[in-house]
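Below: one structure, written as structure tokens.
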Amino acid sequence: MHSDISSQHAQPGSLPHIFSVHRNKIPDAIQRLRPVNPVSLSVSSRTDTGVHALSNSAHFDLQRKNDKLPFTEDVLVQALNFHLGTEQIRITRAHRVPHDFHARFRAQSRTYVYRIALGISHHSLLPLTDWDLCWSLRNTELNVDAMHEAASLLLGTHDFSSFRAVNSDLPFKNPVKTMDVISIQQGNSFAYAHFHREIPSWELTFTSKSFLYKQVRRMTGAMVAVGQGLLSVPQLKKILEARDSLAYPQGMAAPAHGLFLTRVDYRDTDLQLSPQLSEELLTSTRKD
Numbered sequence: 001m002h003s004d005i006s007s008q009h010a011q012p013g014s015l016p017h018i019f020s021v022h023r024n025k026i027p028d029a030i031q032r033l034r035p036v037n038p039v040s041l042s043v044s045s046r047t048d049t050g051v052h053a054l055s056n057s058a059h060f061d062l063q064r065k066n067d068k069l070p071f072t073e074d075v076l077v078q079a080l081n082f083h084l085g086t087e088q089i090r091i092t093r094a095h096r097v098p099h100d101f102h103a104r105f106r107a108q109s110r111t112y113v114y115r116i117a118l119g120i121s122h123h124s125l126l127p128l129t130d131w132d133l134c135w136s137l138r139n140t141e142l143n144v145d146a147m148h149e150a151a152s153l154l155l156g157t158h159d160f161s162s163f164r165a166v167n168s169d170l171p172f173k174n175p176v177k178t179m180d181v182i183s184i185q186q187g188n189s190f191a192y193a194h195f196h197r198e199i200p201s202w203e204l205t206f207t208s209k210s211f212l213y214k215q216v217r218r219m220t221g222a223m224v225a226v227g228q229g230l231l232s233v234p235q236l237k238k239i240l241e242a243r244d245s246l247a248y249p250q251g252m253a254a255p256a257h258g259l260f261l262t263r264v265d266y267r268d269t270d271l272q273l274s275p276q277l278s279e280e281l282l283t284s285t286r287k288d
């Protein structure tokens with residue numbers, strides 16, 4: 001049920017399951033369809049080791065032999081899922097897209113959800129269905145009003161240099177990002193309706209066109225620290241305004257296993273074929 005490896009893999013649509021699968025599994029499934037072209041899968045969003053994905057997207061070119069018509073979307077979904085077998089990943093949708101479409105660069109927004117469970121003094125208190133799928137805190141309560149204040153501070157366009165971890169992409173990524181959504185809602189255990197006791201849970205949702213390396217985990221860690229009274233909102237403001245990754249307190253970032261990529265959204269116009277190409281595909285299908 002959980003992602004023990006980097007989930008740099010996806011599909012031409014979205015997947016409703018948490019997946020743990022090597023990055024070559026989908027290309028392997030595509031190869032089983034016997035394309036005549038080399039297969040190259042371009043993924044919209046790459047996640048760190050331990051981070052989960054409920055939905056992701058990718059694009060690839062698939063050319064069949066001259067005497068074979070292109071796969072329909074439904075047939076492609078069924079065929080790929082058949083070849084994926086028992087892997088913990090499923091293709092849910094496929095779209096034929098324009099030649100200049102790119103799953104990563106045409107994405108208009110990405111949404112992440114971070115799950116938090118409260119009052120967990122020992123891992124045995126957490127249902128098996130939530131192991132490694134949330135951040136378990138000993139705290140029985142968080143100051144959610146203060147967390148909302150922290151969210152308001154981070155909302156909008158800022159230089160988030162203080163909230164990115166150092167990696168090889170550091171010199172090339174623009175640290176100015178726009179947070180379109182930062183929200184805090186009560187959550188539930190995955191099996192809350194069948195568990196013997198209620199576990200107080202919260203979900204933090206973040207939506208932006210793109211994020212910096214470990215930005216969501218660092219924002220989450222800071223917001224939770226505010227909720228625990230370990231960090232004040234004025235202190236958080238100073239961290240943000242420092243625009244320096246070294247200004248972020250060491251050890252404050254939230255762990256990877258509570259984070260989920262839940263949505264990747266595109267403009268409808270970016271997914272639409274030209275009228276001429278649509279007519280050509282329709283004509284070839286009729287001839288069949």
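Following full-length UniProt numbering, the numbering of the sequence shown begins with 1 at its first residue and continues without gaps. All residues carry an ideal CB built from backbone N, CA and C; glycine is no exception. Please read these numbers as outputs of a predicted model, since none were measured by experiment.
Residue i, DSSP secondary structure in three states
{"i": "I182", "result": "strand"}
{"i": "V176", "result": "strand"}
{"i": "T205", "result": "strand"}
{"i": "F260", "result": "strand"}
{"i": "S45", "result": "coil"}
{"i": "H103", "result": "One point to set straight first is that residue 103 is Ala, not His, in the sequence displayed. Three-state DSSP puts A103 in coil, outside helix and strand."}
{"i": "Q272", "result": "coil"}
{"i": "S124", "result": "helix"}
{"i": "A58", "result": "strand"}
{"i": "V21", "result": "In this prediction, V21 scores a pLDDT of 40, lower than 50, which makes its location untrustworthy; the coordinate-derived value is nonetheless stated afterwards. Here V21 sits in coil by DSSP."}
{"i": "S245", "result": "helix"}
{"i": "S152", "result": "helix"}
Candidates the options, of which the one nearest residue i by Cα
{"i": "P255", "options": "A117, N37, Q31, T92", "result": "A117"}
{"i": "L76", "options": "R96, Q88, K65", "result": "R96"}
{"i": "R34", "options": "V144, Q272, L236, K65", "result": "K65"}
{"i": "F160", "options": "V226, T129, I199, S208", "result": "S208"}
{"i": "T262", "options": "T47, L54, S40, R46", "result": "L54"}
{"i": "F60", "options": "D28, L41, H158", "result": "L41"}
{"i": "M223", "options": "P70, R243, A165, M252", "result": "M252"}
{"i": "E198", "options": "V166, K173, V113, L125", "result": "L125"}
{"i": "N174", "options": "L236, L154, Y213, R110", "result": "Y213"}
{"i": "S245", "options": "A165, V39, E203", "result": "A165"}
{"i": "Q88", "options": "Q235, L155, H52", "result": "H52"}
{"i": "N167", "options": "L133, Q215, C134, F206", "result": "Q215"}
{"i": "S136", "options": "E203, Y248, A247", "result": "E203"}
{"i": "G119", "options": "S44, V39, S189", "result": "S189"}
{"i": "T269", "options": "P98, H158, L240", "result": "P98"}
Residue interval of the beta strand (DSSP E) (run including residue i)
{"i": "V113", "result": "109-117"}
{"i": "R267", "result": "Note, R267: premise wrong, no beta strand (DSSP E); not H, not E."}
{"i": "G156", "result": "156-159"}
Buried or exposed (CB count within 10 angstroms, at least 16 for buried), residue i
{"i": "G85", "result": "exposed"}
{"i": "H123", "result": "exposed"}
{"i": "T220", "result": "buried"}
{"i": "N56", "result": "buried"}
{"i": "F260", "result": "buried"}
{"i": "Q63", "result": "exposed"}
{"i": "D145", "result": "exposed"}
{"i": "K177", "result": "buried"}
{"i": "Q108", "result": "exposed"}
{"i": "H257", "result": "buried"}
{"i": "L271", "result": "exposed"}
{"i": "T285", "result": "In this prediction, T285 scores a pLDDT of 48, lower than 50, which makes its location untrustworthy; the coordinate-derived value is nonetheless stated afterwards. T285 is exposed by the Cβ-count criterion."}
{"i": "G227", "result": "buried"}
{"i": "D28", "result": "exposed"}
{"i": "L142", "result": "buried"}
{"i": "T47", "result": "buried"}
{"i": "F105", "result": "exposed"}
{"i": "F172", "result": "exposed"}
Unbroken alpha helix (DSSP H) run spanning residue i, endpoints
{"i": "residue 289", "result": "Beyond the ends of the chain as shown, which are 1 and 288, falls residue 289; an answer cannot be given."}
{"i": "A222", "result": "215-228"}
{"i": "P27", "result": "25-31"}
{"i": "V166", "result": "Premise fails: V166 is in no alpha helix (DSSP H) and is neither H nor E."}
{"i": "L54", "result": "Neither: L54 is in no alpha helix (DSSP H) and is coded neither H nor E."}
{"i": "L231", "result": "First-last for L231: undefined, no H or E at that position."}
> Is there contact here, the stretch 144-155 with the stretch 71-80, by at least three beta-carbon pairs under 8 Å?
Replying inline: no
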